[in-house]
Structure formats: C-alpha cells, structure tokens
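J.: According to this note's numbering, the sequence shown is numbered sequentially starting from 1077. We put the beta carbon where it would ideally sit given N, CA and C, even for glycine. This structure is a prediction, so every number in the text was calculated from the model and none was measured.
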Amino acid sequence: MENKVVAPAENGLMKKIVSHAKEYGFVFPSSEIYDGLQAVYDYGQMGVELKNNIKTVWYKAMTQLNDNIVGIDAAIFMHPLTWKASGHIDGFSDPMIDNKDSKKRYRADVLVEERAAQMEAAGKKDEADALVKKLARLLEADDLKGVQDLITNEKITCPISGTANWTEVRQFNLMFSTQVGSVAEDASTIYLRPETAQGIFVNFLNVQKTGRMKIPFGIAQIGKAFRNEIVARQFTFRMREFEQMEMQFFIRPGTEMEWYKKWKETRLNWHKALGIPAEKLRFHDHEKLAHYANAAVDIEFEFPFGFKEMEGIHSRTDFDLGNHQELSKKKQQYFDNDIDEATGKPYGNYVPYVVETSVGADRCFLAVLCNAYTEEVTGEGESQKERVYLKLHPTLAPIKAAILPITKKDGLPEKAMEIYNELKYDIKVTYEDKDSIGKRYTRNDLIGTPFCIAVDHQTLEDNTVTIRHRDSMEQERVAISELRLKIRKETSWRTILEKV
Ligand code: GAP
C-alpha cells in the first residue's frame, strides 16, 4: 500500500481561520512583501492586543494568585555553558530525513506519527498504537537505523515527490547559533535560547536570596524562544521564533509527584477559564520522556488539525540545577530548616527539585482564536444569513467596546465622542462613525468586540444608550453613567482569575 502523508493543517476550517487572522489584523506572515519567511509571523493590531491579554492573564494567575511565585525577565543571550549544562548542545535534536527527489526535509518521527494517525482514521487503532509504541522504543534507544527501517517498511512516501527515495535518518540540532564579539578572532559562538526556563534556573539563587523565598516557591517568565524547527507548518503552531510562558516551581526532593499533580490540575483549569470547553482539552502522558524529566504530560487542545500539545508539565528533578552546579562550580543549594518528621532534624542542604509548567503564548493564542471562530446561520427563509464572529472571552477581546453614533449628524458624533473620551482611561474602546450601523456591528463581530454601544437620538434626551451584545445580538438600554462599571465588570481579569 502506498501511503501519502497528507498535511493535516490543510483542512478547510484551518484555512478559513488563517485568512480571517490576516484579513482582520491578527496575524501576518513575517516580511510578507518579500514573500514571507517560513515559520515566522507578525502579530497585527488586533493580534497584539489578544496575545498581550493572554500573557497578562497567565502572569497574573502565576504571580498574583500565588504569593510564593515571582516573575523575572532574563536576557535571551546566555553564557554558552548554560546550554551544555541543560543538555541542549548534546541532546536537543530531532531525527530528520530528506527525500532525494523533492529535496524536502522531514522529521522522521512525524512521518511515522502521521502514518499512525492515518491508520487510526481508517479504524486500525491497535495497529496505530503498536506503531507509535515501536517508534517511541526506537527513539528512546537512539536507534536511527530502526526509525529508517520503520519508514521503509510502512512504505511512507514524500507528499511532494510521491517517492520513497529517502536519505538515512540523522539527528539535527534545533538551536540557532550566532557569534558574539566585534573582532572575528575573539568572537565566540552563542545561542538564541531554545527555552526560557534556563534563564530561571541560573537566577534561582539570586531570586531565592534577594526575595527571601522559602521552598516551595516558583519563578515565572514570559519571553521569546527560538528553534530551527525542521517541520514548520500549521500556522503559528510551530514557529522558529515564538514566545513561552514558563514557571519553574522549586520543591523539596520527594514531593515532586504531589506538586506535579497539583500543577496539572491548576493549569488545566486556567485553559478552561479562558473559555476553552473541557471537551476540547485533554491530558497526554509522554511516551518518550525528555532528557531532563522523570514525569511529563501535555495539555492538548483540539485544533482543527487534531488534538495537539499546547502546554507541557514536567517533573524535571534536580537535573538542571545539578548540572549548573557541576559546570559552574557554584553551589545551587537551599538550606531547608523545616523539621523532617522522620528524623526530627531539619531537612538541611539540598539541590531543589523542579516541577515546570511551560505553555507557548502563540499556541495558546491559536487555540483561543480557533475556539472563538464561529460561523452561525441567523434568520429564517429568505432572510437567512450566515454570520461569522469571534466568540472571545470578553476579557481577552482586543477591543472591549465600540462606541457608535447611529448617524453622523444631529450632535450624535459629539455625544458618542464624549462617551469614548470618558471610557478610554479605563477600558480599551474605539469610536467609529463610518458606514451603516449594521456594517459596524458586523466589523466588530469579526474582531470579537463583546459590546457595541449605539448612541441615538434618545441618548440626547435621557442620557441612555443601547448595548448590543456580540453573541446573542440582543440589545439593552442602559444609562451612560452605568456603562463604565458594567463593562469593566464583564471584562475584568477577575472573571478569569477566579476560575483558575
Ligand atoms: N522548558 C520546557 C520546554 O521548552 P517544550 O515542550 O519543548 O518544553 C513548551 O515547549 C511549549 O512551548 C510547548 O508546549 C509549546 O506550547 C511551545 N512551543 C514549543 N516549540 C514551539 C514552536 N516551535 N512554536 C510554537 N510554540 C512552541
């Protein structure tokens, strides 16, 4: 049987979401006037607002809801030995394979996984599971020849050339490197960080001492990470430059499973609090553990191209701090003066264990966008219409309210502008007076604005306006004096944070 690998991202819904994101200012291909740069994207005027809101609510959930978690903002460049200690120089690679006819490069493990997905779709779940397990065993044993044999035996072909004319499988390091130093002879190789976590590990003692932190405590950080991904597709799902939101939770050795369980639950709740329904989220235990972990699970979201990883929760033991201690020759230890009930003595000095939560800001953005994209049929018979809108959580929406005078005369624009000027200090609002009110409602639906405030002739008489609700399209009349409190309440961080 010839098995063509079909790029799953090329399904209709995903295409619609990608073009919606571009058309309404959420995400643009990077340097598009030069035909773009593969796997790199820019966030537009709406996208940056939505992404910033997601980042803010993550940061607050970490550092505001937990008085034992603090934030930092470490540099992207780090001493090169960092990446030796973390294992990234020696072990951060993916198995790659080239097709000699199309000259295209693939991740060998992804080719096999996609083959398994095809089997599952064809009702052969047992065969698919067996294939995935076999792949995991071969990768665990670093048996690249075995992975190659699997590709040959499964008769996997290149989706471009259609042939099985493959090179051998090789390891490919995903770190980008560059030179630092202005004089060529003195220049040394440094790396663009492939994860933000190491900036936290190397600052563990700085924060612990200056913040007088007691274990258990966490350090949270949001920042850019870079990976030279072999397979770069599925829009912002897999990028070469992306943003991570990571938290390292430093704990006493032996307590890691308890904290691992707690963070699994808390992080799942956070995703649900953003408005993502439970049935679109699931846990997926790792078959193959990363070089640093003794337990690991992904939180997966059901993207239009299937359930895929959005966040990783890893029990990293003392792997990182232990290695930094060894390579830097600086103790990375904590003195724990709590009493160990078993011995009646303080726990004393140890290298803490770490449970990490790591979520991609861009993947989370994509999940929120995919979840919000709604096509709906309204009306009946001849007046039936299709409506597209973004059902975003009001707190995450780029614009919270649009202030719209129903006509451009009779003093309505002036009154609407007065309202806009009053609200803008507290709430992200816009003012629009071009086109019919219906068209303006539609434009705001498309970017997910939860409230449209219509200013009409009655407003001039009694200082009331109508609020048109995005999802139900229902309208209610409220006093201008109540607007600020009402909108703030429905778009406050609290609406999300109290559900985490
Ligand atoms: N510090 C642990 C770590 O980096 P990871 O599973 O490699 O673990 C964590 O990455 C998260 O970062 C992923 O769950 C994903 O959301 C995001 N991520 C990783 N690679 C990415 C990429 N190429 N593009 C977009 N997001 C990515």
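Using the C-alpha atoms, what's the distance from residue 1403 back to residue 1397?
T.: Cα to Cα, the separation comes out at about 10 Å.
J.: Out of 1490, 1429, 1463, 1225, which one is the CA nearest neighbour of residue 1549?
T.: With distances taken between Cα atoms, residue 1549 lies closest to 1463.
J.: Would you say residue 1177 and residue 1228 are within 9 Å of each other, going by their C-beta atoms?
T.: Contact flag unset, no.
J.: Any idea what DSSP makes of residue 1386, helix, strand or coil?
T.: Residue 1386: strand per DSSP, three-state reduction.
J.: Just the C-alpha distance for residue 1554 and residue 1122, rounded to the nearest angstrom, thanks.
T.: Residue 1554 and residue 1122: Cα-Cα distance of roughly 28 Å.
J.: Around the C-beta of residue 1077, are 16 or more other C-beta atoms found within 10 angstroms, so that it is buried, or is it exposed?
T.: Per-residue confidence for residue 1077 stands at a pLDDT of 33, beneath the threshold of 50, marking its modelled position as unreliable; no derived number is given.
J.: Between the alpha carbons of residue 1416 and residue 1387, how many angstroms are there, rounded?
T.: Whole-angstrom Cα-Cα distance: 34 Å.
J.: Give, in chain order, every unbroken run of the alpha helix (DSSP H) that is at least 4 residues long and sits entirely within the region 1379-1463.
T.: Runs of the alpha helix (DSSP H) inside the region 1379-1463: 1395-1404, 1437-1448.
J.: Quick test of your reading: residue 1418 and residue 1390, contact by CB under 8 Å. State the CB separation rounded to the nearest angstrom.
T.: About 28 Å separates the two Cβ atoms, so there is no contact after all.
J.: Between the alpha carbons of residue 1362 and residue 1209, how many angstroms are there, rounded?
T.: Approximately 11 Å, taken between the alpha carbons.
J.: Are residue 1275 and residue 1150 touching if we call contact CB-CB under 9 Å?
T.: Their beta carbons are under 9 Å apart, which means residue 1275 touches residue 1150 by this criterion.
J.: Which word fits residue 1332, buried or exposed, when buried means at least 16 other C-beta atoms lie within 10 angstroms of its C-beta?
T.: Buried is the call here.
J.: In this structure, does DSSP put residue 1567 in helix, strand or coil?
T.: Residue state, collapsed to three classes: coil.
J.: Does the distance from the CB of residue 1265 to the CB of residue 1301 come in under 9 Å?
T.: Not closer than 9 Å, so no.
J.: Counting Cβ pairs closer than 8 Å, one from the region 1096-1113 and one from the region 1123-1142, do we hit at least three?
T.: Because the criterion of three Cβ pairs below 8 Å is met, the region 1096-1113 and the region 1123-1142 touch.
J.: Helix, strand or coil: which one does DSSP assign to residue 1300?
T.: Looking at residue 1300 - three-state DSSP - the assignment turns out to be strand.
J.: Only counting the same chain, and skipping five residues up and downstream in sequence, which positions put a Cβ closer than 6 Å to that of residue 1571?
T.: Only 1471 meet the Cβ criterion.
J.: Bridge partners of residue 1249, per DSSP?
T.: DSSP, once it has assigned bridges, lists 1169 as partnering residue 1249.
J.: Going by the DSSP bridge assignment, what does residue 1519 pair with across the sheet?
T.: Answer is none; residue 1519 lacks a bridge partner.
J.: Please give me, in chain order, every unbroken run of the alpha helix (DSSP H) with length at least 4 that falls completely inside the region 1148-1219.
T.: Within the region 1148-1219, the complete alpha helix (DSSP H) runs of at least 4 residues are 1157-1161, 1164-1167, 1184-1197, 1201-1216.
J.: Which value, in whole angstroms, describes the spacing of the CA atoms of residue 1232 and residue 1311?
T.: Answer to the nearest angstrom: the Cα atoms are 24 Å apart.
J.: Reducing DSSP to helix, strand and coil, say where residue 1317 ends up.
T.: Residue 1317 falls in the strand class under three-state DSSP.
J.: For residue 1544, which beta-bridge partners are listed by DSSP?
T.: Answer is 1528, 1551, bridged to residue 1544.
J.: Any idea if residue 1187 is buried or exposed, counting beta-carbon neighbours within 10 angstroms, 16 or more meaning buried?
T.: Classification of residue 1187: buried, given that the 10 Å Cβ count is 16 or more.
J.: Just reading off the beta strand (DSSP E) that residue 1478 is part of, what are its end residues?
T.: Looking at the DSSP string, the run of the beta strand (DSSP E) that includes residue 1478 is 1477-1481.
J.: Just to confirm before moving on: does the CB-CB distance between residue 1296 and residue 1135 stay below 9 Å?
T.: Cβ atoms of residue 1296 and residue 1135: closer than 9 Å.
J.: Indicate, with yes or no, if the ligand GAP has a heavy atom lying under 8 Å from the CB of residue 1366.
T.: Yes - the ligand GAP has a heavy atom lying nearer than 8 Å to the Cβ of residue 1366.
J.: Out of 1133, 1394, 1106, 1269, which has the shortest C-alpha to C-alpha gap to residue 1347?
T.: For the residues 1133, 1394, 1106, 1269, the minimum Cα distance to residue 1347 belongs to 1133.
J.: So does residue 1434 have its beta carbon nearer than 8 Å to some heavy atom of the ligand GAP?
T.: Yes, since a heavy atom of the ligand GAP falls inside the 8 Å radius drawn around the Cβ of residue 1434.
J.: Which residue comes first and which comes last in the beta strand (DSSP E) that contains residue 1117?
T.: From DSSP, the beta strand (DSSP E) with residue 1117 extends over 1117-1119.
J.: Helix, strand or coil for residue 1278, going by three-state DSSP, please let me know.
T.: In the structure shown, residue 1278 sits in coil (DSSP, three-state: anything other than H, G, I, E or B).
J.: From this set, 1422, 1285, 1438, which residue's C-alpha is nearest residue 1315's C-alpha?
T.: The option with the nearest alpha carbon to residue 1315 is 1438.
J.: Following a CB-centred definition, is residue 1378 positioned closer than 8 Å to any heavy atom of the ligand GAP?
T.: Result no, Cβ not under 8 Å from the ligand GAP.
J.: Give me whichever residues DSSP pairs with residue 1294 in a beta bridge.
T.: Residue 1294 pairs with 1145, 1325.
J.: Taking the alpha-carbon positions, what's the residue 1566 to residue 1457 distance?
T.: Computed Cα separation, rounded: 35 Å.
J.: Would you say the beta carbon of residue 1595 comes nearer than 8 Å to a heavy atom of the ligand GAP?
T.: Lying before the first or after the last residue shown, residue 1595 is absent from the chain, which here runs from 1077 to 1576.
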